[in-house]
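Chemist: Protein chains in written order, with the working numbering: chain A, 819 to 1311; chain B, 819 to 1311.
Idealized CB from N, CA, C, for every residue including glycine.
No experiment lies behind these values; they were computed from the predicted model shown.
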C-alpha cells in the first residue's frame, strides 16, 4: 500500500485531522506562506472548475450575464450601509500605500511613506457596495431593469481561525447582484437562485441540503432576509453551502439608486445578492469521503474512469494497450473523462491506492490473462467492490455505472443525513442531543435573545427555518412561548 | 440614427478619444470609483470569456493544468530576486492593516492601528515569487518535472496613467508558470507558448502579429529573455499583445528550488512564465473597429448574427416570427450564436445602429415583403454592405459568410499592418518616419545605450528583434557599428 494512504488519519480517530490530511494527500490544496491563504493545487482546482462550469451554465440559462468589478473598495463605501460595515469591518485587508522603495539601511525594500493613499482601499470582502455605486449610473428608468449580473472573483475576509476550503482569508466564489423594479420580482429572484443552488447540490455534488431562511441573528450584514441551503457533514456538524439574500432597498438607499417607474415617479431599486464559494469543496470532501480517501460524485470528478494495465514486460503492455485504446476512444465518445495510466515508473499497487485516495469513481485493471478471457477487473470507488466484467461493451457499462454511482453516493448521503435529523422537545434533552451532533428540529419563540442564550450555552445556532416540511406550531423549548414551526439547530462549520 | 452612434468621435479627428468613446458606447467597460480600475461590463466580459475559453483549451491541449495561488505576496518575497523587485517595487499596492474600527469622532470607520501587520503584504503584480516559493515544496527529483501550470487571476500594478483595457491598475490575465529539468526543455516551452499566442492572435483575434525577442532594456524584470508578439494599431502605434519569458534559473536560485537529476546530483530548476491579459481587448478594439463602432471577428463575437424583424403590427410580427424561429434553430444547430431581437420598445433603426456599434458580424432584417418574396436583407459589419439573399438556405449561407468575414477582417488588418512596415536606413530618416507611425525596420548596434538614446530623442523603442524574415547584417543607423539584423522600432501603447 502506498505511503500516502497509510498516513491518512481514520475518521473515527480524529475527524478534523482526517479532513486536513485528505486535503493535502489527495493533492487538493495546501497552506501558503501567507497567513490564512491556501494554494489550490491542479487536482483540487479541476474539481472547482467543474463546479464553476455547471453553475455558470445554470446562471446563464436563467438570464444572468457575467461582469467584473474592482478588487478594491474605497473605505467610505463600506460605511454607507450601517449593518454592512458592522458585519465586515473587523476582517478587512486594508491597502494604505502604493509604492515600495529601497530600504535606507540597504536591506531589501520598505514601504515608501510618500506613497500613502488619501483614502484607504479595502480588498473586497463582498461587492455590494462597489456594485451598487456602479448601478447608480446604469439605472434611470424601469426599462433598465432588471439587471441580472454575476461575478466570478476572489474575495478576502481576515478570519482569525482558518481551515482549507472551509474558512480561508482569501477564497474564490461567485457573487450574483441583481436589481429589480419591485419587491415581488426581487423575492422571486432570491428563491430562483436558492433553487439553483439546491439543484446543483443535489444533482452534481450528490449533497442533500435543506432549504430555509436564516434567523435575524444569522442574516447577511445588510440583508432583510437570507435564504440558505444547509448540509450535514459526517461528523454531525452542519455546513452552510450557499446563500441567497433579499436586500430590500437598503443598498439602493445607501448609494442613491432610484428609477422612474411606469407611473413616472422615482422609486428606490430592489436588490438581491447570492453566492457560493470554494467552501463547497469542503462540503464535497466531508460529505462522501472515507478512510481510504476522497469519494467524488462522477458528475464532478475530473477523471471519471482510470484504466491501469497490469503487465510483466513491454510486449504484454503493448498487447494490453492495443485493446485499451479503442475502449478509451469509445468512453470519450460517450462523454466519459478517462485516463489510461501506463506510466512505467509507478507500480499498479501504488496507482490503485493513489486513485482511491483521489476518489476516481471507476477503476479498470487489465492484465494479460484478462485479454485472453475477454474480461476486465472493475472497482467502484463508492463501495470499493471489485467485479469482473466482459471487455465487450465495457464502455457502455461504465457510462451507465457512473450514473448508478452518482445516485448511490447521493442516496448514501441522504440516508446518513436523515438519520441525523431528530425532533427534540425540551431544552434538557437538547443539551444531551446536541453533543451527538446532527440537525435538531425544535420549537423556538422567534426571539434573538433565546437564540443567543442557546448559542452561548450549547454552541448551537439556528441553521435555518425550513421552507418545506412540517409547519405545526408549538411551544419554545426554552421559554415555553409560542413557536410558529420547528426550526433547525446544529453546531456548524 | 441612434444618439450613441452620433456621439462617437471619428478616428481621423481624435483617435484616442474615438477609442475611449467606443469602449463606453459599445458597453464594454467604464471607469470605476477606484483610481485606475475599470468595471468590465457584460458585453465586454462576454468577449473576454470567449478569449479565455479558446486560450484555456489551447493550454490544456498542450498539457497545462490550472491552479490558484494567493492574491497577496509577503513583501520579503519580492526582494529575493533583485531585478524583479527593481521592476515592480514602484507600482505595488501594499496591505498594511487587517481591521477597521468605528471612528473615535463618530464619523464612519477608520483603520484600527492595533491591526498593523508584522510584515506588509503586496497585491500580486505577477506571481513568480509566491509560485516559486511553493514549487520548492513540490520538486524533489527529476521525476517531479516538468510542472506545467497556468493561473487565471487578477493582478495589480499601480500605474500612474491608465486607459481602459490598455493599462489599468487592476487587470485580468492568465499567467503560466512552468518548471523544467533542462535549459532546452524550458526554452522549448517558451517558444511553444509564444506560438500558441501567435496562433490565437491570428485565428481568433484576426490580428497579424510579429514574433520576436525583446532587447535587454525591454525584458521582463527577472527574465533572461522575453519573447513577444507585437501588433500594430490603426494609428501607427505598436501594442505588445503577449509575452513568454525564459527565466533561466533566477527564481530557482532566489527561492532555493533544486531537484536531484538522473545522475543523482542536485541542480537548480529551469523556469518559464507567459501571459496575456485584458489588454488584448484593447488590441481587438483598435485593430478592426471603424467610425461606426466595433468590428468583431466572428470567432470572438458574443452574438455572431442578429435578426431584426421589420413590422407594422403584431400580426405581421407573428408572421415574421413564425418564419424566423426555424432559422434561429438551424443557426444554433450549426454552432452560430444568434439573437432574435423582437423587443418592441426599440425601433429597427435604433437596433441597426446599436448592433453596428457593438460589432455584430452579420445582421439579418426581415419584413412582411421579404416573407412574400422569400428573401432577407443581410448586412455584413466588416464591409457595411447590404445584400438580399433567399430565405431558403440562409442559415448555411450565414455560417459560411462568418468564416469569410473572419478571413476578410484578418486580411484587411494584415494589409494595413504591412503598409505600415518599412525599412529605414539613417537616423535622420528615422526621425521623420517615426512621426508617421508604423513599424520601422532598422539596424541597431545591440547596445542599451543606443536604444536609450533613440528612445529619449524619439519616444520610439525596440518592439522586438524578429524571429522570422530577413537576417542580413548591416550597420547601426545611429552609431555605424555592426548590426546582426534589422530590429523593429515603433512608438507603442
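(1) Using a Cβ-Cβ distance under 8 Å, would residue 1092(A) count as near chain B?
(2) In chain A, which residues lie with their C-beta within 7 Å of the C-beta of residue 863(B)?
(3) What do you reckon, are the CB atoms on residue 1030(A) and residue 1011(A) nearer than 8 Å?
(4) Is residue 903(A) closer than 8 Å to residue 913(B) when the C-beta atoms are compared?
(5) Could you name the residues of the same chain whose beta carbon sits closer than 8 Å to that of residue 833(B), not counting the 5 residues immediately before and after it, in chain order?
(6) Is the beta carbon of residue 1281(A) sitting closer than 8 Å to the one on residue 1307(A)?
(7) Starting from the beta carbon of residue 976(B), find every residue of chain A whose beta carbon is closer than 9 Å, and list them in chain order.
(8) Under 8 Å between the Cβ atoms of residue 1141(B) and residue 1219(B)?
(9) Can you tell me which of the three DSSP states residue 920(A) falls into?
(10) Could you give the residue range of the alpha helix (DSSP H) that holds residue 1215(A)?
(11) Under three-state DSSP, which class holds residue 820(A)?
(12) Between the C-alpha atoms of residue 1028(A) and residue 1102(A), what's the straight-line distance to the nearest angstrom?
(13) Does residue 889(A) have its Cβ less than 8 Å from a Cβ in chain B?
(14) So which of 1271(A), 1259(A), 1311(A) and 1193(A) has the shortest CA-CA distance to residue 1302(A)?
(15) Buried or exposed for residue 1176(A), please, with buried defined as at least 16 other CB atoms from any protein chain shown within 10 angstroms of its CB.
(16) With a threshold of 16 other CB atoms inside 10 Å of the CB of residue 850(B), please say whether the residue is buried or exposed.
(17) So, is the C-beta of residue 948(B) closer than 8 Å to a C-beta in chain A?
(18) Does any CB atom of chain A fall closer than 8 Å to the CB of residue 1156(B)?
(19) In three-state terms, what does DSSP make of residue 1077(B)?
(20) Here's the rule: buried if 16 or more other CB atoms are within 10 angstroms of the residue's CB, otherwise exposed. What is residue 1188(B)?
(21) State yes or no: is the C-beta of residue 1073(B) within less than 8 Å of the C-beta of residue 1085(B)?
(22) Check whether chain B comes within 8 Å of residue 1313(A), counting only Cβ atoms and requiring the distance to be less than that.
(23) Could you check which residue in 948(B), 847(B) and 918(B) has the C-alpha nearest to that of residue 857(A)?
(24) Answer yes or no: do residue 964(B) and residue 1003(B) have a C-beta to C-beta separation smaller than 8 Å?
(25) Would you decide whether residue 959(A) is buried or exposed? Buried here means 16 or more other CB atoms lie within 10 Å of its CB.
(26) Cβ closer than 9 Å: which chain A residues qualify as neighbours of residue 841(B)?
(27) Per the contact definition of three or more C-beta pairs closer than 8 Å, is the region 860 to 879 of chain B in contact with the region 1134 to 1153 of chain B?
(28) Are residue 1041(A) and residue 1048(A) touching if we call contact CB-CB under 8 Å?
(29) What do you get for residue 1241(A), buried or exposed, if any count of 16 or more other CB atoms within 10 angstroms of its CB means buried?
(30) Hey, residue 988(B) and residue 972(B) are a contact pair by Cβ (cut 8 Å); roughly how many whole angstroms apart?
(31) Go through its chain and collect everything with a Cβ distance to residue 1274(A)'s Cβ below 8 Å, but skip five positions before and after it.
(32) Would you list, in chain order, the members of the region 982 to 994 of chain A that have their beta-carbon closer than 7 Å to a beta-carbon of chain B?
(33) Could you please give the first and the last residue of the uninterrupted beta strand (DSSP E) stretch that includes residue 1095(A)?
(34) Within the 8 Å Cβ cut-off, does residue 850(B) reach chain A?
(35) Exposed or buried, what is residue 1250(B) when buried is set at 16 or more other beta-carbons lying within 10 Å of its beta-carbon?
(36) Against chain B, does residue 938(A) count as a neighbour if the rule is that its beta carbon must be under 8 Å from one of theirs?
Modeler: Let me lay it out:
(1) Residue mapping note: residue 1092(A) aligns to position 274 of the first chain, counting from 1. No, because no Cβ of chain B sits closer than 8 Å to the Cβ of residue 1092(A).
(2) Looking up residue 863(B) in the second chain gives position 45. Here the neighbours are 884, 885 and 886.
(3) Within the first chain, the letter at position 212 stands for residue 1030(A). Within the first chain, the letter at position 193 stands for residue 1011(A). No; because the gap between Cβ atoms is not below 8 Å, this pair is not in contact.
(4) The sequence position of residue 913(B) within the second chain is 95, counting from 1. The sequence position of residue 903(A) within the first chain is 85, counting from 1. The answer is no: Cβ separation not under 8 Å.
(5) For the purposes of this step, residue 833(B) is taken as residue 15 along the second chain, with counting starting at 1. For residue 833(B), where only same-chain residues beyond five positions count, the Cβ hits under 8 Å are 1052 and 1053.
(6) Here residue 1281(A) corresponds to residue number 463 of the first chain, with the count starting at 1. Here residue 1307(A) corresponds to residue number 489 of the first chain, with the count starting at 1. Result yes, Cβ atoms of residue 1281(A) and residue 1307(A) sit closer than 8 Å.
(7) On the second chain, position 158 is the one that residue 976(B) refers to. Neighbours of residue 976(B) on chain A, chain order: 916, 917 and 933.
(8) As a first step, residue 1141(B) is located in the second chain; it is residue number 323 there, counting from the start. As a first step, residue 1219(B) is located in the second chain; it is residue number 401 there, counting from the start. Result no, Cβ atoms of residue 1141(B) and residue 1219(B) do not sit closer than 8 Å.
(9) Here the question's residue 920(A) lines up with position 102 in the first chain. In this structure, residue 920(A) counts as strand in the three-state DSSP scheme.
(10) On the first chain, position 397 is the one that residue 1215(A) refers to. Residue 1215(A) -> alpha helix (DSSP H) spans 1212 to 1237.
(11) Along the first chain, read from residue 1 onward, the residue named residue 820(A) stands at position 2. Interpretation of residue 820(A) is limited by its pLDDT of 45, a score under 50 that renders its predicted location unreliable; the figure taken from the coordinates is listed afterwards. Here residue 820(A) sits in coil by DSSP.
(12) Looking up residue 1028(A) in the first chain gives position 210. Looking up residue 1102(A) in the first chain gives position 284. Approximately 16 Å, taken between the alpha carbons.
(13) By one-based count along the first chain, residue 889(A) stands at place 71. Closer than 8 Å: yes.
(14) For the purposes of this step, residue 1302(A) is taken as residue 484 along the first chain, with counting starting at 1. Ranking the options by Cα distance to residue 1302(A), first place goes to 1259(A).
(15) Taking the first residue of the first chain as 1, we reach residue 1176(A) at position 358. By the neighbour-count rule (16 or more Cβ atoms within 10 Å), residue 1176(A) is buried.
(16) Along the second chain, one-based indexing puts residue 850(B) at 32. Under this definition residue 850(B) is a buried residue.
(17) Locating residue 948(B) in the second chain gives position 130, where the first residue counts as 1. Interface residue, yes.
(18) Your numbering for residue 1156(B) matches position 338 in the second chain. Residue 1156(B) does not count as touching chain A.
(19) If you number the second chain from 1, residue 1077(B) lands on position 259. Strand, per DSSP.
(20) Against the second chain, residue 1188(B) aligns to sequence position 370. It counts as buried.
(21) Stepping through the second chain from its first residue, residue 1073(B) is reached at position 255. Stepping through the second chain from its first residue, residue 1085(B) is reached at position 267. Cβ distance not < 8 Å, so residue 1073(B) and residue 1085(B) don't count as in contact.
(22) For residue 1313(A) there is no data in the structure shown, the boundaries of chain A being 819 and 1311.
(23) For the purposes of this step, residue 857(A) is identified with residue 39 of the first chain, where counting begins at 1. Nearest option by C-alpha distance: 948(B).
(24) Stepping through the second chain from its first residue, residue 964(B) is reached at position 146. Stepping through the second chain from its first residue, residue 1003(B) is reached at position 185. Result yes, Cβ atoms of residue 964(B) and residue 1003(B) sit closer than 8 Å.
(25) Within the first chain, residue 959(A) is the residue found at index 141, counting from 1. Exposed, because fewer than 16 other Cβ atoms sit within 10 Å of the Cβ of residue 959(A).
(26) As a working mapping, residue 841(B) is identified with position 23 in the second chain. Neighbours of residue 841(B) on chain A: none; closest Cβ ~14 Å, over 9 Å.
(27) no
(28) Against the first chain, residue 1041(A) aligns to sequence position 223. Against the first chain, residue 1048(A) aligns to sequence position 230. It is not a contact, given that the beta carbons lie outside the stated cut-off.
(29) Your numbering for residue 1241(A) matches position 423 in the first chain. So residue 1241(A) ends up on the exposed side.
(30) Looking up residue 988(B) in the second chain gives position 170. Looking up residue 972(B) in the second chain gives position 154. Correct: roughly 6 Å between the Cβ atoms.
(31) Taking the first chain and counting its residues from 1, one reaches residue 1274(A) at position 456. Within the same chain, residue 1274(A) has no close Cβ partners at all.
(32) 988 and 990
(33) Start at 1 with the first residue of the first chain, and residue 1095(A) comes out as number 277. Taken as a continuous stretch (DSSP letters only), the beta strand (DSSP E) holding residue 1095(A) covers 1088 to 1095.
(34) Within the second chain, the letter at position 32 stands for residue 850(B). Closer than 8 Å: yes.
(35) What you label residue 1250(B) is simply residue 432 of the second chain in a count that begins at 1. With fewer than 16 other Cβ atoms within 10 Å, it is exposed.
(36) Indexing the first chain from 1 puts residue 938(A) at position 120. Judged by the 8 Å Cβ criterion, residue 938(A) is in contact with chain B.
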